[in-house]
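The opening position of the sequence shown corresponds to residue 49 in this note's numbering, with each subsequent residue numbered one higher. Here's the structure, in structure tokens; my notes come after.
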Amino acid sequence: MLMKYPQLKINLASIQANTKTVVGWCHDRGIQVAGVTKLICGNPDIAAAFAAGGVDLLADSRIGNLKKLAAFNLQKMLLRIPMISQAEEIVKWSDMALISEPETVLALSEEAVRHKKIYRIILMIDLGDLREGIYHEAEIHQAVRRILKMPSIHLLGLGTNLTCYGGVKPERNNLAKLVRLKKTIEDTYRISLDVISGGNGSTLSLFPEDEVPEEINQLRVGSALTMGIGLNDEPINGLRQDAFLLAAEITEIREKPSIPVGEIGLDAFGVKPFFEDQGMRLRAICAIGRQDVHPDHLKPMDPGIRILGASSDHLILDITDASSSLKVGSVLEFRPAYGGILSAMTSEYVNKVFV
Ligand SMILES: *Cc1c(COP(=O)(O)O)cnc(C)c1O
């Protein structure tokens, strides 16, 4: 069965250009770039654009995605703190992981011994964003002492993640704490930690004012490469924001009232909808729904078109002020936000086309 629409159009040249630019900025500062493929579900074509743009390693939150990238001659990093139940696959399909639990490192150590492999660990420190990472300094030392005794495990360095749960911004101050910890650990245990992984793409926001401590030598960057956005999802100067377009086909165009006719109960998602009376309007339905993408994560390319809502399989639009004349079978284009790309990439019902 041929499925043409809905279609996610992906511009690989745009992604490669962004990657080259970001890698240039980072390498100038002695920072290596882990290209994060989780938004694009470990898609090998997009990973190839990352590789061509010069990323130093590939990173993903899911081990199944890294498995898809096995053919790339780049080290693979698992981003999401690992599940013990996946220890074997993790050791098999990745070279290093961000970790906060010594119990998990122990499980990886056992698998690494079995597979005669040295597995690398970046110990995650919570600087206040309150997602993953060890918060108390005494517990950080306990973890380091335990990990250093484990066979086939190499403690590669320290890392942190910000702006993801608590919304805490990267700053010279909080990153300096990571640097201080690194030095203390190196002195206390007479080891050297090669990597300080200073966060995700939001840390790029510190580049213009030169606010990244010079010891930070790795960033894990995803949406800046694919979407050209950074801190607070704002566009980054010098990067392109045009790599993704979602196209959907119109299946109905009818003039209808702007307020439903009849007594209003709950919609398909258990919410009582609210409507504003604008009289009769020309409405269109596109064959795409919440099973593919949440309507809040789409922006029509035609500013005259407004998204009214969506059920599981239907997107409902006001096209009264559309700038071109539309008919059934016409295709509308939307710029997807991060969440929109995430779900469109994940949905088997959305055709992915590279342009
Ligand atoms: C998603 C993720 C990243 C990349 O985030 P972007 O905002 O896309 O740059 C980096 N590190 C971790 C741990 C992540 O989960």
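Note that CB positions come from ideal geometry on N, CA and C, so glycine has one too.
Separation of residue j from residue i, as counted between CA atoms
i: Leu178; j: Asp325; result: 44 Å
i: Gly214; j: Gly387; result: 18 Å
i: Glu219; j: Thr251; result: 8 Å
i: Asp340; j: Tyr237; result: 51 Å
i: Leu87; j: Pro261; result: 28 Å
i: Lys217; j: Ile182; result: 18 Å
i: Asp242; j: Leu50; result: 50 Å
i: Leu356; j: Glu396; result: 24 Å
i: Arg150; j: Leu156; result: Checking the displayed sequence, the identity of residue 150 turns out to be Pro instead of Arg. Approximately 10 Å between the Cα atoms of the pair.
i: Gly318; j: Ser359; result: 11 Å
i: Pro130; j: Val192; result: 17 Å
i: Leu390; j: Pro384; result: 9 Å
i: Glu187; j: Thr85; result: 31 Å
i: Ser148; j: Lys225; result: 17 Å
i: Ile239; j: Leu346; result: 49 Å
i: Gln64; j: Gly270; result: 12 Å
i: Gly310; j: Pro351; result: 31 Å
i: Arg268; j: Ser245; result: 7 Å
i: Leu56; j: Glu381; result: 10 Å
As assigned by DSSP and simplified to three states, the class of residue i
i: Ala61; result: helix
i: Arg191; result: With the sequence shown as reference, residue 191 is identified as Ala, and Arg is not the correct amino acid for it. Here Ala191 sits in helix by DSSP.
i: Ile138; result: helix
i: Arg238; result: coil
i: Gly249; result: helix
i: Arg302; result: strand
i: Leu243; result: First, the amino acid is wrong: residue 243 is Val here, not Leu. Val243 falls in the strand class under three-state DSSP.
Outcome for residue i when other beta-carbon atoms lying within 10 angstroms are tallied against a minimum of 16
i: Gln134; result: buried
i: Glu169; result: Residue 169 is actually Ile in this sequence, not Glu. Ile169 is buried by the Cβ-count criterion.
i: Gly249; result: buried
i: Ile132; result: exposed
i: Leu196; result: exposed
i: Asp315; result: exposed
i: Gln266; result: buried
i: Val403; result: exposed
i: Pro54; result: buried
i: Asp281; result: exposed
i: Asp108; result: buried
* Enumerated in chain order, which unbroken segments of the alpha helix (DSSP H) with a length of 4 residues or greater are wholly contained in the stretch 140–169? -> 150–162
* Which residue spans inside the stretch 57–114 form an unbroken beta strand (DSSP E) run of at least 3? -> The stretch 57–114 contains, as complete beta strand (DSSP E) runs of 3+ residues, the segments 80–84 and 105–108 (chain order).
* Ranges of the alpha helix (DSSP H) found wholly within the stretch 266–292, counting only runs of at least 4 -> 271–274
* **Complete beta strand (DSSP E) runs within the stretch 317–403 (minimum length 3 residues, chain order)** => 328–334, 346–348, 354–358, 363–366, 379–384 and 399–402
* Asked: Which residues are close to ligand 1, meaning CB closer than 5 Å to any heavy atom, in chain order?
  -> Val84, Leu127, Asn209, Asn248, Gly249, Arg268, Val269, Gly270 and Ser271
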